[in-house]
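Numbering (the working numbering), first residue to last: 939 to 1094.
Here it is as structure tokens:
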């Protein structure tokens, strides 16, 4: 399980690699540092942008089912969708390993998105980046992102 540090003053040792500003309002923050262990993990960041009305309609009518199916996929540890603007979305997903992510890429819901993008290249922009296991990380005040994914894996 992750190491949790609740700083409300009076403690002298800061958590390693955590934000630590003695005497500041940040002293009351709850900082969670998950045990990263040796579990293989893969993080994917996807950005989507509607370039025209067709892309806008596809994006907003399909994104809900895409996020649901991603969450249900074998090996998915979590999905964090975000709205950058009415025309741009970002999805961060956490996977058990690269093989689980590659299996999802071949799934019907992902293939349908790729087919739309191939058939309508002027409708949607897409980028994706894939990362391995982080070296260190913190979450502040709530378990989210990789911390939640790592803890889900540990509880199995």
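Backbone N, C-alpha and C define an ideal beta-carbon position, used for all residues, glycine too.
Annotated three-state conformation of residue 1019 is strand, per DSSP.
Remark: C-beta atoms of residue 1033 and residue 1000 do not approach each other more closely than 9 Å. By the C-beta density criterion, residue 1027 is buried, having at least 16 other C-beta atoms within 10 angstroms. The beta carbon of residue 1025 sits closer than 7 Å to the beta carbons of 987, 988, 994 from its chain, once the five residues preceding and following it are set aside; these are given in chain order. Rounded to the nearest angstrom, the Cβ distance from residue 1065 to residue 985 is 5 Å, consistent with a contact under 8 Å.
In the structure shown, the three-state DSSP call for residue 1027 is strand.
Annotated as proximal: residue 981 and residue 1068, with beta-carbon spacing under 9 Å. Take the alpha-carbon of residue 1010 and the one of residue 1037: they are about 16 Å apart.
In this structure, the CA atom of residue 1059 is about 13 Å from the CA atom of residue 991. Pairing residue 1022 with residue 1029, the inter-Cα distance amounts to about 10 Å. Following the DSSP letters along the chain, one finds residue 1043 inside the alpha helix (DSSP H) bounded by residues 1036-1043.
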